[in-house]
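Peer 1: Below is a structure I'd like to ask you about.
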Amino acid sequence: MAAPRNLVVETGRLMKDEETAEDSPTSKKPIGAKLDGRYPLTGWEFTVALSVFLVFTTGLFCIYLTMPATEYGKLKLPRSISDLRMLKDDLGTYASIYPTKFILGYCSTYIFMQTFMIPGTIFMSLLAGALFGVKGIFLVVFNATAGASSCFFLSKLIGRPIVLWLWPEKLKLFQAEIAKRGDKLLNYMLFLRITPTLPNLFINLASPIVDIPFHVFFLATVVGLIPASYITVRAGLALGDLNSVKDLYDLKTLTVLFLIGSISILPTILKRKRIYE
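Last residue of the sequence shown? That's 258 in the numbering used here, and every number before it is there in order.
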């Protein structure tokens, strides 16, 4: 009877080790793991997040200190179209006199907001169109890509518990879709970036968790954000005719975006058709 007894002892030891591993803050939990309603970040992860935030904030503050004096009371992040119109009037002259310093401040603010998931980048994109015209599209695509890439690496570091806390089911579905794509992953990511199928915030945070390679993420972001950025910048040119952000994406605009997005996944559809034939 020694063998069964030893087996029981070993089994109990393994179960204890597994419980200890699950309680460890450094252990990786599977995609479907639940957090039981607890705050998603451990103390170590919160410290890392706070440290990164402070580094970015300090850099942003130093950039603002190097800029020429202005009426700082008029500077604020726009939260509505009316805020945006007032900000355009206040910054128009400043941007024409100090274009380089203004662009530096604009880019650092946009990337900061995108990195830390601060709402309002849509208004920053509209502002680029209002101040720089169609050329603002290059500014928007650059900032959106840089901010998304920064958010990607931040999520790679501490994002898993946050995404599991906010979107557990959506994350599992996303992982299943990514697993199906294989060598056509870039086409699928382009489709997601071009169309409003998934929020960009979710894509930025979830991509490193489901092991999307950064070069695929980067290329899909650079190319896929161009159509939506063009629409937003063009709307910024006619800021006086815009009543709400919702006016940006009417049925016609959404149809065009989905048509463009469908072109990106056309190779995958044709390949599947040939396989079934």
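Positions of the beta carbon are idealized from the N, C-alpha and C atoms, including for glycine.
Measuring only the C-alpha atoms, how far is Leu35 from Ile99?
Peer 2: Approximately 15 Å between the Cα atoms of the pair.
Peer 1: Taking Ile44 as the reference, which of Leu85, Asp64, Leu72 has the closest Cα?
Peer 2: Looking at the Cα atoms, Leu85 is the closest of the given residues.
Peer 1: According to DSSP, is Trp148 helix, strand or coil?
Peer 2: Note: Trp148 maps to coil in three-state DSSP.
Peer 1: Please classify Ala160 as buried or exposed, where buried requires at least 16 neighbouring CB atoms within 10 angstroms.
Peer 2: Burial call: exposed.
Peer 1: Determine the contact status of Arg174 and Leu206, defining contact as a CB-CB distance below 8 Å.
Peer 2: For Arg174 and Leu206, yes; Cβs fall inside 8 Å.
Peer 1: Assuming Val204 contacts Leu238 (C-beta within less than 8 Å), just tell me the rounded distance between them.
Peer 2: About 14 Å; that fails the 8 Å criterion.
Peer 1: Within a Cβ cutoff of 6 Å, which residues of the same chain sit near Asn(-13), ignoring the five residues on either side of it in sequence?
Peer 2: In this prediction, Asn(-13) has a pLDDT of 43, which is less than 50 and means its spatial position is unreliable; nothing more can be read from the coordinates.
Peer 1: Given a threshold of 16 other Cβ atoms within 10 Å of its Cβ, counted over all protein chains shown, does Asn224 qualify as buried or as exposed?
Peer 2: By the 10 Å Cβ count, Asn224 comes out exposed.
Peer 1: Could you name each continuous alpha helix (DSSP H) segment of 4 residues or more that falls completely within the region 38 to 81, going from the start of the chain to the end?
Peer 2: Runs found: 62 to 78.
Peer 1: Enumerate in chain order the residues of its own chain whose CB-to-CB distance from Leu68 is below 6 Å, with the five nearest sequence positions on each side excluded.
Peer 2: Excluding positions up to five away in sequence, the list reads Pro59.
Peer 1: Using a Cβ cut-off of 8 Å (strictly closer), state whether Leu200 contacts chain C.
Peer 2: No chain C appears in the structure shown, which is made up of a single protein chain.
Peer 1: Return yes when the Cβ of Val121 is within less than 8 Å of the Cβ of Thr213, no when it is not.
Peer 2: In contact: Thr213 and Val121 (Cβ atoms closer than 8 Å).
Peer 1: Cutting at 7 Å between CB atoms, please list the residues of its own chain near Cys88, excluding the five before and the five after it.
Peer 2: Asn124, listed in sequence order.
Peer 1: Rounded to a whole number of angstroms, what is the C-alpha to C-alpha distance between Lys227 and Ala216?
Peer 2: Cα to Cα, the separation comes out at about 12 Å.
Peer 1: Report the three-state DSSP secondary structure of Tyr211 (helix, strand or coil).
Peer 2: DSSP places Tyr211 in helix when its eight states are reduced to three.
Peer 1: Does DSSP put Ile99 in a helix, a strand or coil?
Peer 2: Of the three classes helix, strand and coil, the one that applies to Ile99 here is coil, per DSSP.
Peer 1: Considering Cα atoms alone, identify which of Ile78, Glu150, Ser61, Pro142 is closest to Ser106.
Peer 2: Taking only the C-alpha atoms, the option nearest Ser106 is Ser61.
Peer 1: In angstroms, rounded to a whole number, what distance separates the CA positions of Ala209 and Gly242?
Peer 2: In a straight line, the C-alpha of Ala209 is about 11 Å away from that of Gly242.
Peer 1: In whole angstroms, give me the CA-to-CA distance for Thr176 and Tyr75.
Peer 2: Rounded to whole angstroms, Thr176 to Tyr75 spans 35 Å at the Cα level.
Peer 1: Looking at the secondary structure, which residues open and close the alpha helix (DSSP H) in which Gly242 lies?
Peer 2: Note, Gly242: alpha helix (DSSP H), 232 to 245.
Peer 1: Under 8 Å: do the region 124 to 135 and the region 180 to 192 share three or more Cβ pairs, one atom per stretch?
Peer 2: As far as the Cβ criterion goes, the region 124 to 135 touches the region 180 to 192, which means the pair count is three or higher.
Peer 1: How long is the line joining the alpha carbons of Pro149 and Leu41, rounded to whole angstroms?
Peer 2: Rounded to the nearest angstrom, the two C-alpha atoms are 33 Å apart.
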